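Quick note: to get our numbering, add 805 to the position in the sequence shown (first position is 1).
Note that beta-carbon positions come from the ideal geometry of N, C-alpha and C, so glycine has one too.
Given the structure is predicted, the values throughout are model-derived calculations rather than measurements.
Read the structure below first, then the notes.
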Amino acid sequence: MDTPRKKMAEGLKENNSNQEIIESDDEFYNFLDRNLEKESTNSFSSGFSKNIIRKVEAKQQRRFNMKICILISILLVITIPMFVSFLSTDFILMLASAVSKHKFTFIFLILAVILIQLGEKLIISKKDLHRGEYQKK
């Protein structure tokens with residue numbers, strides 16, 4: 806493969822007008838050309854950093870999830886005994902009447918939360934589909 810540097814070196818050798826390339830320099834440049842054309846087997850693959858970043862992010866997400874689970878567990882351990890201590894027939898009748906009185910409000914809130922969660926999943930999956938289409942082009 807004829808590189809511009811080789812053409813320049815040959816042109817300088819022929820003309821001897823601007824400067825002469827010493828034989829040791831010429832050998833050095835040829836050595837560099839040969840070794841730069843070879844692919845390095847000692848380097849990491851191109852996706853190596855992405856894999857490392859993905860693994861670190863997954864580990865951080867697992868830590869965060871673990872902290873949330875521990876927090877929820879502690880809150881449950883605290884609130885369940887308190888709720889059991891409040892249980893009485895009057896309290897249960899009051900809760901039942903409140904739920905029956907506002908049942909449509911509770912149903913609406915539960916459906917709203919479920920629909921928001923499903924909507925986010927659909928939006929995320931559509932973004933992933935669009936990214937795949939753009940990357941293929």
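> Cβ of PHE911 within 8 Å of Cβ of VAL904?
Replying inline: The count along the sequence shown starts at 1 and reaches residue 911 at position 106. The count along the sequence shown starts at 1 and reaches residue 904 at position 99. Yes. Within cutoff.
> By how many angstroms is the C-alpha of GLU862 removed from the C-alpha of MET806?
Replying inline: Start at 1 with the first residue of the sequence shown, and residue 806 comes out as number 1. Start at 1 with the first residue of the sequence shown, and residue 862 comes out as number 57. Residue placement at MET806 cannot be trusted, given a pLDDT of 47 that sits under 50; what the coordinates show is reported in the next sentence. MET806 and GLU862: Cα-Cα distance of roughly 44 Å.
> In three-state terms, what does DSSP make of GLY852?
Replying inline: Position 47 of the sequence shown holds residue 852. Three-state result, GLY852: coil.
> Got a sec: does the ligand ADP put a non-hydrogen atom nearer than 7 Å to the Cβ of LEU892?
Replying inline: No copy of the ligand ADP occurs in the structure displayed, which carries no ligand at all.
> Which stretch, first to last residue, makes up the alpha helix (DSSP H) that contains SER893?
Replying inline: Stepping through the sequence shown from its first residue, residue 893 is reached at position 88. Unbroken run through SER893: none, as it is neither H nor E.
> Alpha carbon to alpha carbon, what distance is there between ASP933 and ALA832?
Replying inline: Taking the first residue of the sequence shown as 1, we reach residue 832 at position 27. Taking the first residue of the sequence shown as 1, we reach residue 933 at position 128. It should be pointed out that residue 832 corresponds to Glu in this sequence rather than to Ala. Rounded to the nearest angstrom, the two C-alpha atoms are 52 Å apart.
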